[in-house]
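Chemist: Would you mind keeping the following structure in view while I ask a few things?
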Amino acid sequence: MSESLAERVLCIIESRLRTILSADGFATSAGRNVWRARRTLEEEDLPALVIWCDGETARGASGNSASMDMELQITIDAHVAADQDCTGKMLERIRADVKRACLVGRGALSDEVGAIGVLTYTGTDTQARSDGSGSEAVAVHFTANYREAYGDPTQAR
């Protein structure tokens with residue numbers, strides 16, 4: 008069975024984040040540590056990126072429709088070490104790296120199966136540091152828009 012369009016979008020984002028390496032012109036090498044839905048990080052994991060699927064919304068969905076317009080909300084938590092004097096500067100650098108990597112090609116989303124849709128940057132929130140945590144993070148939010156076949160989340164329309 009093929010993957011859902013939502014899963015394909017998340018895999019594309021994960022692949023793009025893995026390109027974030029200072030050797031390739033980025034400000035950080037956070038691409039070495041990319042995870043999906045990981046709740047805890049160790050200091051040796053930093054800098055790190057954690058991808059969260061925040062849900063999806065369907066528009067134009069009814070039994071009479073051949074397709075639905077989908078919006079998939081994604082958050083990327085970008086973590087840096089909190090024990091450095093320049094944590095704020097590092098948060099800005101990692102945020103810029105995430106935006107640059109994810110929005111490559113004007114945000115067009117496609118993989119080896121074909122075109123899916125487009126990724127849009129929707130904003131950022133700074134996350135409060137947890138007590139005892141060795142990292143601070145910025146949450147970078149995106150929305151992926153694509154058209155899904157009615158009743159078949161694996162097919163684009």
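Numbering of the sequence shown is given in the working numbering, commencing with residue 8 and proceeding in unit increments. Just so it is clear, CB atoms sit at the ideal spot from N, CA and C, and this is done for glycine as well. In this text, all values refer to a predicted model and were calculated from it rather than measured experimentally.
1. Going by DSSP in three states, residue 57 sits in which element: helix, strand or coil?
2. Residue 60 to residue 26, Cα distance in whole Å?
3. Across which residues does DSSP place residue 170 in a beta bridge pair?
4. Which residues does DSSP pair with residue 154 in a beta bridge?
5. Taking its Cβ as the centre, do 16 or more other Cβ atoms sit within 10 Å of residue 93, making it buried, or is it exposed?
6. Roughly how many whole angstroms lie between the Cα atoms of residue 8 and residue 35?
7. Around the Cβ of residue 159, are there at least 16 other Cβ atoms within 10 angstroms (buried) or fewer (exposed)?
8. Can you tell me whether DSSP reads residue 87 as helix, strand or coil?
Modeler: On the basis of the data shown:
1. strand
2. 20 Å
3. Missing from the structure shown is residue 170; the chain here goes from 8 to 164 and no further.
4. 76
5. exposed
6. The predicted position of residue 8 is uncertain, since its pLDDT is 47 and thus under 50; no value can be drawn from it.
7. exposed
8. strand
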